[in-house]
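Here's the structure, in structure tokens; my notes come after.
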DNA sequence: AAGGGTGGCAACCGCCTGAGT
DNA sequence: AACTCAGGCGGTTGCCACCCT
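In the UniProt record's numbering, the protein residues as written are 1 to 250.
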């Protein structure tokens with residue numbers, strides 16, 4: 001693209017497609033100062049971009065080890081399983097797919113997988129369709145993740161779920177999750193999945209999905225290649241707040 | 001060849017949460 | 001306790017390339 005689309009907000013901040021020069025400046029800045037402190041990044045990098053734009057560009061495009069191109073079969077399979085378990089928790093799903101970003105997974109789901117699973121209307125008709133449904137805040141149940149403090153995260157990811165935690169609230173949170181997993185059948189077998197799916201409102205849809213994907217939940221299954229290889233390819237994946245999703249998936 | 005429709009993807013928007021003051 | 005701010009997330013939009021008629 002010779003002249004990327006570019007415009008400027010009322011605050012004078014550039015928006016739109018990033019140029020190669022901007023990518024270079026951002027990459028250099030992150031290499032020098034590291035990730036984080038995004039409010040300082042535009043000034044440090046000499047970019048006329050907002051902090052969020054810088055963060056997004058880094059996370060979705062410039063970060064090392066990001067995989068581009070088509071999703072492998074095992075990745076698709078894992079997305080389907082995790083989506084059944086977690087819903088639209090793209091960041092969590094992406095966290096189990098080395099090299100894939102939440103945006104990638106979300107886009108792939110919206111453009112490839114969603115249409116496979118449903119007879120969704122064409123995108124040009126989706127707005128009408130959604131308006132007709134009159135979806136309101138009241139009708140949507142939106143489970144949100146618990147965020148652990150950084151120290152609790154370290155403990156959870158490095159050891160096990162019932163290790164010592166920074167403070168009682170963190171410990172309580174983790175133990176609550178452990179209880180739920182235990183109640184779901186000790187973290188193994190199909191019961192775990194049932195516990196999760198019971199959170200979803202429409203059981204009929206789940207049944208329909210099961211018909212469409214008969215092998216999704218019940219067949220003998222081993223971790224896909226993309227997960228087995230994650231250690232060797234150097235991908236720094238995040239296991240924080242890990243509740244052993246893999247066991248729940250089996 | 002032209003024009004409309006569609007798919008894919010990058011980027012933006014608005015909201016939520018936790019930390020700091 | 002109330003407020004502000006940064007980080008993070010999911011939903012949505014806009015652009016472009018390709019396809020079809």
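Glycine included, each C-beta is placed from N, C-alpha and C at the ideal position.
Check whether the Cβ atoms of residue 80 and residue 113 lie closer than 8 Å to each other.
In the first chain, the residue the question calls residue 80 occupies position 80. In the first chain, the residue the question calls residue 113 occupies position 113. In this structure, residue 113 lies closer than 8 Å to residue 80 by Cβ.
Given a cut-off of 8 Å on the beta-carbon distance, is the pair residue 59 and residue 19 in contact?
Stepping through the first chain from its first residue, residue 59 is reached at position 59. Stepping through the first chain from its first residue, residue 19 is reached at position 19. Contact flag unset, no.
Within the same chain, show all residues whose beta-carbon is closer than 7 Å to that of residue 86, passing over the 5 residues directly before and after it, in chain order.
Mapped onto the first chain, residue 86 falls at position 86. Closer than 7 Å at Cβ, skipping near neighbours: 92 and 93.
Inside the UniProt domain "Myb-like" (10-62) only - beta strand (DSSP E) runs reaching at least 3 residues
14-16
If you draw a straight line from the C-alpha of residue 31 to the C-alpha of residue 64, how long is it?
One-based indexing of the first chain puts residue 31 at position 31. One-based indexing of the first chain puts residue 64 at position 64. If I take the Cα positions, the gap works out to 11 Å.
Buried or exposed: residue 108, going by 16 or more other Cβ atoms within 10 Å of its Cβ?
In the first chain, counting from the first residue as 1, residue 108 sits at position 108. Buried.
Am I right that residue 51 and residue 33 are in contact with their C-beta atoms under 8 Å? What's the rounded C-beta distance?
Taking the first residue of the first chain as position 1, residue 51 is located at position 51. Taking the first residue of the first chain as position 1, residue 33 is located at position 33. Contact between residue 51 and residue 33 does not hold, since the beta-carbon distance rounds to 13 Å and is not under 8 Å.
Using 8 Å for Cβ pairs, my map puts residue 14 next to residue 49. What's the rounded Cβ distance?
Position 14 of the first chain, counted from the first residue, corresponds to residue 14. Position 49 of the first chain, counted from the first residue, corresponds to residue 49. 6 Å between Cβ atoms; contact.
Compare the Cα-Cα distances from residue 99 to each of 23, 90 and 66 and report the closest residue.
If you number the first chain from 1, residue 99 lands on position 99. Among 23, 90 and 66, the Cα nearest to that of residue 99 is on 66.
When the distance is taken between beta carbons, is residue 23 closer than 8 Å to residue 78?
To locate residue 78, count along the first chain from 1; it is residue 78. To locate residue 23, count along the first chain from 1; it is residue 23. No, they are not a contact pair.
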